[in-house]
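Asks:
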Amino acid sequence: MADQDIDPEMQLHQDMNDDDGQDSQNLWDCVVISDLHLGSEVCQASELERFLEWVVNRSRMLVINGDIFDDLNFKRLKRHHFNCLRIIRRNTDRSDFQIIWMRGNHDGPAEIISHIVGVDIHDEYIFENDKIKLWILHGDQFDTIVTGHEGLTSFFTALFRGIQMVAPLRWCRWIRRISKNFQRNSPVVRQRAIAAASKLGCEAVTCGHTHREEDCIVNSIRYINTGTWTEQNPSPYLWIKGDQMGLNHWPSEEQPEFGFNRLQDEK
Ligand SMILES: [Mn+2]
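Each residue of the sequence shown is one higher than the last, beginning at 0 in numbering that gives the first Met the number 0.
#1: How long is the line joining the alpha carbons of residue 47 and residue 71, rounded to whole angstroms?
#2: Does the segment 55-70 come close enough to the segment 30-39 to have 3 or more Cβ pairs within less than 8 Å?
#3: Go to residue 29, then tell me how far its beta strand (DSSP E) extends in each direction, as first and last residue.
#4: If we count the other Cβ atoms within 10 Å of its Cβ and call it buried at 16 or more, is residue 43 buried or exposed?
#5: Just reading off the alpha helix (DSSP H) that residue 232 is part of, what are its end residues?
#6: Tell me which residues share the same chain as residue 20 and place their Cβ nearer than 7 Å to its Cβ, disregarding the 5 neighbours each side in the sequence.
#7: At what residues does the beta strand (DSSP E) containing residue 249 begin and finish?
#8: Considering only the alpha carbon of each residue, which of 193, 190, 201 and 86 lies closest to residue 127?
#9: Check whether the Cβ atoms of residue 65 and residue 133 sit closer than 9 Å, and answer yes or no.
#10: Tell me the DSSP secondary structure of residue 228 in three-state form.
#11: Compute the minimum distance between the beta carbon of residue 184 and the heavy atoms of ligand 1, and state whether it is under 8 Å.
#12: Should residue 139 be labelled buried (16 or more other beta-carbon atoms within 10 Å of its own) or exposed?
#13: Can you list, in chain order, the residues of its chain whose CB lies under 7 Å from that of residue 250, leaving out five sequence neighbours each side?
#14: Does DSSP put residue 132 in a helix, in a strand, or in coil?
#15: CB of residue 122 to nearest heavy atom of ligand 1: below 8 Å?
#16: Of all the options 24, 76 and 50, which has the alpha carbon lying nearest to the alpha carbon of residue 40?
#17: Quick one: give me the first and last residue of the alpha helix (DSSP H) that residue 84 is part of.
#18: Considering only residues of the same chain and omitting the five flanking positions on each side of residue 102, which have a CB-CB separation below 8 Å?
Here you go:
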């Protein structure tokens with residue numbers, strides 16, 4: 000490309016990236032987030048927007064593990080919510096960065112979402128480098144309350160959303176906790192995910208769906224739940240680098256050192 004063809008804004012962006020000291024050796028192999036719930040009143044969209052801009056320069060790959068939307072009523076999307084979608088779309092066709100999008104139970108039919116956001120949607124995905132085989136899926140597949148009683152679940156989801164709109168803010172956290180406990184069964188999702196991962200020959204599995212962060216090892220299978228971006232900050236993300244992985248939080252005053260694994264001793 001001739002010099003005069005370079006867009007000044009692109010050049011500035013490139014220079015800023017060069018300046019922050021990230022060479023390709025320091026990039027994470029993959030980052031996983033889940034349960035963004037864009038359109039929800041409680042979605043931490045402005046922080047998510049900052050995170051998305053940040054992470055595309057820190058990782059080779061981003062997996063969004065389901066429930067990116069709260070529902071398919073796009074009238075609920077605000078400016079920051081649209082900005083998040085714009086960043087995802089803008090980074091979809093890059094040769095040096097990959098975005099994988101998983102469906103969640105809130106996202107609606109895969110083909111509709113796929114058309115709107117312009118990316119392929121997966122039901123499950125296996126991330127593999129030469130050290131780790133990580134099975135990634137939303138987790139509602141393991142949740143009998145949702146999969147066995149769709150009508151009842153959507154009735155209560157609508158009811159809880161209605162209550163949240165009229166209730167004072169301080170009640171909302173409590174209401175969300177009650178509604179989550181009803182809708183999503185963390186121990187069941189964990190146990191079933193671990194059992195299924197073991198059968199598949201994956202030594203690690205990550206889910207979202209429960210909105211409860213978890214990082215544990217059961218029967219030699221590492222289970223990580225990436226929680227949600229609908230609680231108060233900071234919000235969780237899973238990073239993978241070589242044979243190591245862990246949960247970190249955004250925003251964080253101290254960004255993580257590469258090559259440090261908090262759970263090393265538990266292995
Ligand atoms: Mn969710």
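Ideal Cβ positions, reconstructed from N, Cα and C, are used throughout, including at glycine. Just so you know, these numbers come straight off a predicted model, no measurement behind them.
Replies: Per the coordinate set shown:
#1: Numbered from 1 along the sequence shown, position 48 holds the residue referred to as residue 47. Numbered from 1 along the sequence shown, position 72 holds the residue referred to as residue 71. Their backbone Cα atoms lie some 19 Å apart in a straight line.
#2: yes
#3: As a working mapping, residue 29 is identified with position 30 in the sequence shown. It spans 29-32 - the beta strand (DSSP E) in which residue 29 sits, taken as one unbroken run.
#4: Here residue 43 corresponds to residue number 44 of the sequence shown, with the count starting at 1. Classification of residue 43: buried, given that the 10 Å Cβ count is 16 or more.
#5: Stepping through the sequence shown from its first residue, residue 232 is reached at position 233. Unbroken run through residue 232: none, as it is neither H nor E.
#6: Working through the sequence shown from its first residue, we reach residue 20 at position 21. Here residue 20 scores only 43 on pLDDT, less than 50, and its place in the model is too uncertain to base an answer on.
#7: Numbered from 1 along the sequence shown, position 250 holds the residue referred to as residue 249. 243-249 is the extent of the beta strand (DSSP E) around residue 249.
#8: The residue given as residue 127 occupies position 128 in the sequence shown. In this structure, 201 is the residue among 193, 190, 201 and 86 with its C-alpha nearest to the C-alpha of residue 127.
#9: As a first step, residue 65 is located in the sequence shown; it is residue number 66 there, counting from the start. As a first step, residue 133 is located in the sequence shown; it is residue number 134 there, counting from the start. No. Outside cutoff.
#10: Start at 1 with the first residue of the sequence shown, and residue 228 comes out as number 229. Correct three-state label for residue 228: coil.
#11: Residue 184 sits at position 185 when you count from the first residue of the sequence shown. Every heavy atom of ligand 1 is 8 Å or more from the Cβ of residue 184, so no.
#12: Counting from 1 along the sequence shown, the entry for residue 139 is found at position 140. Buried: at least 16 other Cβ atoms inside 10 Å.
#13: What you label residue 250 is simply residue 251 of the sequence shown in a count that begins at 1. Contacts found: 46, 232 and 233.
#14: Against the sequence shown, residue 132 aligns to sequence position 133. DSSP places residue 132 in strand when its eight states are reduced to three.
#15: By one-based count along the sequence shown, residue 122 stands at place 123. Outside the cutoff, so no.
#16: In the sequence shown, counting from the first residue as 1, residue 40 sits at position 41. Closest option to residue 40, Cα to Cα, is 76.
#17: One-based indexing of the sequence shown puts residue 84 at position 85. Per DSSP, residue 84 belongs to the alpha helix (DSSP H) from 78-89.
#18: Within the sequence shown, numbered from 1, the residue matching residue 102 stands at position 103. Closer than 8 Å at the Cβ level, and outside the excluded window around residue 102, lie 65, 109, 112, 120, 121, 122 and 137.
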